[in-house]
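Some notes on the structure that comes next.
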Amino acid sequence: MAFSSVATFYHSVLLVVLVFAASALAAQNPLLRIANSEFGPNPSNVPFYLYLPKVLAPNPPILVNPHWCHGTAQAAFTGTQLANLADTYGYIMIFPNSPNTADQCWDISSPETLTHEAGGDSLGIVSMVRYVLRKYNADPTRVFAMGTSSGAMMTNVLLGAYPDVFAAGSGWAGVAFGCYADPKGGAGTWSDACATGKIQKTGAEWKNVVQAAYPEYTGWRPKMHVLHGTVDQILDYQNLAEEVKEWTAVLGVENVTATVRTNDIRPGWTTRSWSDGGRGEVFRATSAAGVTHDIQTDANTVLEWFDLKCQGTGCFSRPRL
Ligand SMILES: *[C@@H]1O[C@H](CO)[C@@H](O)[C@H](O)[C@H]1NC(C)=O
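Numbered according to our numbering, the sequence shown terminates at residue 1093, and the numbering increases by one at each position without gaps.
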């Protein structure tokens, strides 16, 4: 091949790759803004963005995807493959947008957000879920939350404060429920102690923190997958250990021996998995060797954990309340 035809060849390969990447990324419908007057309560005025896939699954599942700090609903919408996979599998996505315009981080610290039905960003997001359940006849036994960084922190908050709403969560580079807790907390509260891994508790102590969010609740608890880079420079790797202690205690598997999968999801990542005799796998923790806070999410891992490729009967779900 002459130089020019080689160049042309690579140029066309590049174009094909770019076109493929563009079509692989693009969800088929636009993100919709739902007015505050349509749903509520939403005491901190969290803007609500909704993604309805081209074809809805019958009785569709719901996937909530809170963004990272300095992110937006729109950035989360275009930032992963989850929305265009919704076009294939028919689940509905909720993209809340942080009302905290200073840094676009979620309120994961106030007593309101950390308490069931008490307010804060968590209640606004749950109100979005309830709106979608009513309006689109969505499946209340298949509501999921996933996020990265601040979105992972919010995923922990949602599962801890609303164990009656969610079936499962997936938190990439977050912190344990209650790690940022601050009686004076709210939008803009940063906990250096938590971020640097200095908030350390026993499983029993963490379990008390989670139970205090909703003391009357004794029912089924959502399953959880947490993932964290070993060299995370923003949220210390110790936070993975705290999440492990917290959720294994809450889910009652703290004395179970975990099974280990090496090179899971990506080369060098190691996943420990805990199963409950009756329920099966309830908790997973993935340690991402050499990965910083900039952890690369994997849509397929999320879809499989939530069983979102499944439609009809026999899909993973929580018991009906
Ligand atoms: C785990 O072991 C500890 C110490 O023996 C015990 O106090 C706790 O009740 C056990 N947890 C479960 C869920 O069996």
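The beta-carbon is built from N, C-alpha and C at its ideal position, and this holds for glycine as well. Note that the structure is a prediction, hence the values are computed from the model and not measured.
Option nearest residue i by Cα separation, candidates the options
| i | options | result |
| --- | --- | --- |
| VAL1054 | GLU1026, ILE1037 and ASN1035 | GLU1026 |
| ALA829 | PRO1091, ARG1090, THR1085 and LEU1093 | THR1085 |
| GLY919 | TYR989, LEU857, GLN800 and PRO868 | PRO868 |
| GLY891 | ILE866, ILE864 and ALA933 | ALA933 |
| GLU1109 | THR885, ALA1071 and GLY950 | Residue 1109 lies beyond the stretch modelled for the chain, which goes from 773 to 1093, so this question has no answer here. |
| PRO940 | TRP992, HIS1065 and GLU810 | Sequence inspection shows Ala at residue 940; the Pro mentioned does not correspond to that position. Out of TRP992, HIS1065 and GLU810, TRP992 has the C-alpha closest to the C-alpha of ALA940. |
| TRP1046 | THR1002, ILE1006, ASP1008 and VAL998 | VAL998 |
| GLY1024 | ASP879, ARG906 and LYS995 | LYS995 |
| THR887 | VAL1063, LEU822, VAL982 and THR968 | VAL982 |
| SER881 | VAL898, SER963 and ALA807 | SER963 |
| GLN1005 | ASN980, PRO825 and ASP1066 | ASP1066 |
| TRP1011 | ASP1036, ASP893, VAL1032 and GLY969 | Inspection of the sequence shows that residue 1011 is occupied by Asn rather than by Trp. Comparing Cα positions, the closest option is GLY969. |
| GLN1083 | ASN980, THR961, ASP911 and ARG1056 | ASP911 |
| ALA945 | GLY1001, LEU930 and ALA917 | GLY1001 |
| ASP954 | THR1029, LEU803, ALA798 and GLU884 | GLU884 |
Length of the line joining the Cα atoms of residue i and residue j
| i | j | result |
| --- | --- | --- |
| ARG805 | TRP840 | 19 Å |
| VAL789 | TYR952 | With a pLDDT of 39 at VAL789, under the threshold of 50, the predicted position of this residue should be treated as unreliable, though the coordinate-derived value follows. Taking the straight line joining both Cα atoms gives about 43 Å. |
| ALA793 | GLY975 | Since pLDDT at ALA793 reaches only 42, below the 50 mark, its modelled position is unreliable, and the value read off the structure follows with that caveat. In a straight line, the C-alpha of ALA793 is about 43 Å away from that of GLY975. |
| ALA959 | VAL1016 | 26 Å |
| GLY862 | GLU988 | 34 Å |
| PHE1088 | PHE1078 | 7 Å |
| MET833 | ASP859 | The question names Met, but residue 833 is Pro in the sequence shown. So the alpha carbons of these two residues sit roughly 13 Å apart. |
| VAL1074 | ASN817 | 28 Å |
| ALA984 | ASN814 | 22 Å |
| GLU1076 | ALA874 | 35 Å |
| GLU810 | ARG1044 | 42 Å |
| PRO1039 | THR1058 | 12 Å |
| VAL827 | PHE820 | 21 Å |
| MET865 | LEU854 | 9 Å |
| HIS842 | GLU1018 | 27 Å |
| ASN872 | GLY1049 | 42 Å |
| SER795 | THR852 | Model confidence at SER795 stands at a pLDDT of 44, short of 50, so the residue's coordinates are unreliable and nothing is read from them. |
| ARG902 | LEU822 | 13 Å |
| ASP879 | SER894 | 8 Å |
| ASN980 | ASN801 | 43 Å |
| SER870 | VAL1063 | 26 Å |
| LEU803 | GLN846 | 8 Å |
| THR1029 | ALA798 | 42 Å |
| LYS1148 | THR1069 | This structure does not reach residue 1148, given that the chain is present from 773 up to 1093, and the question cannot be answered. |
beta-carbon residue i near ligand 1 non-hydrogen atom, thresh 8 Å
| i | result |
| --- | --- |
| ASN980 | no |
| VAL1025 | yes |
Cβ-Cβ separation, residue j to residue i (assumed contact under 8 Å), whole Å
| i | j | result |
| --- | --- | --- |
| ALA924 | GLY943 | 4 Å |
| ARG1092 | THR913 | 6 Å |
| LEU857 | ALA1060 | The Cβ separation is near 22 Å, so there is no contact. |
| VAL937 | VAL904 | Incorrect: roughly 11 Å between the Cβ atoms, too far for contact. |
| ASN909 | ASN831 | 6 Å |
Q: List in chain order: all unbroken beta strand (DSSP E) runs of 3+ residues lying wholly within the region 921-947.
A: The qualifying runs are 940-944.
Q | Any beta strand (DSSP E) of 3 or more consecutive residues that is wholly inside the region 825-859 | A | Taking only runs of at least 3 residues, the beta strand (DSSP E) segments lying wholly in the region 825-859 are 834-836.
**Q.** alpha helix (DSSP H) runs wholly inside the region 998-1077, at least 4 long, in chain order
**A.** For the region 998-1077, whole alpha helix (DSSP H) runs of length 4 or above, ordered along the chain, are 1010-1022.
Q | alpha helix (DSSP H) segments (min. 4 residues) lying fully within the region 884-910 | A | Entirely contained in the region 884-910, the alpha helix (DSSP H) runs reaching 4 residues are, in chain order, 892-907.
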